[in-house]
Structure formats: structure tokens, C-alpha cells
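The structure appears below as C-alpha cells.
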């Protein structure tokens, strides 16, 4: 479910979409401050969050609303990099 008034983009500004493979950085469970690089597939895009499946785990990643900094309604996911479609 994507809110049509917002565009979800990765840190390079490339659009993100459901089903897309991505690389992302997230903290390990119980080890705050020790992030790890994961790969996975976007399962859900909300207004300010995306859900990514990586193996048997699901991650909820928060985006930053950029509408006060740019003219478009864009939510940037700074810790996410989308892989181009094959």
C-alpha cells in the first residue's frame, strides 16, 4: 500500500517499489549501536515506513519526510539502497 501523495526513495534519490531487492543497514537485535548490512525484498511501503523481508526476519525502516526541504512530497530512506530491476 503506497500513499500516492508521497514518493519513497533510497538515499540516492532512486524510487523504491514493492517487490524490489534492497540492501539496508539496521541495528542487530539487542546490540544498539552495532549496525549490520542486510539484503532483502520490500514487502510493504507505508507513508513513512517500509517493511523489508530478509531471510526469516522482517525489518521496519523509518524514512525522513523531506517536504520542508524539497518541493516534492518525498520520503527518503537514508539507510536503504535499491537494486535496479533486472
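Residue numbers (my numbering): 357 to 442.
For each residue, glycine too, the CB sits at the ideal point set by N, CA and C.
- In this structure, residue 433 places its C-beta atom within 9 Å of the C-beta atom of residue 364.
- Within the same chain, and ignoring the five residues on either side of residue 367 in sequence, the residues whose Cβ sits closer than 6 Å to its Cβ are 434.
- Counting other Cβ atoms within 10 Å of its Cβ, residue 411 stays below 16 and is therefore classed as exposed.
- Residue burial is scored here from C-beta neighbours: residue 393 has fewer than 16 other C-beta atoms within 10 angstroms and is therefore classed as exposed.
- Membership of residue 438 in the beta strand (DSSP E) is indicated by the continuous run 436-438.
- Rounded to the nearest angstrom, the Cβ distance from residue 409 to residue 418 is 17 Å, too far for a contact under 8 Å.
- Per the DSSP secondary-structure output, residue 395 pairs in a beta bridge with 379.
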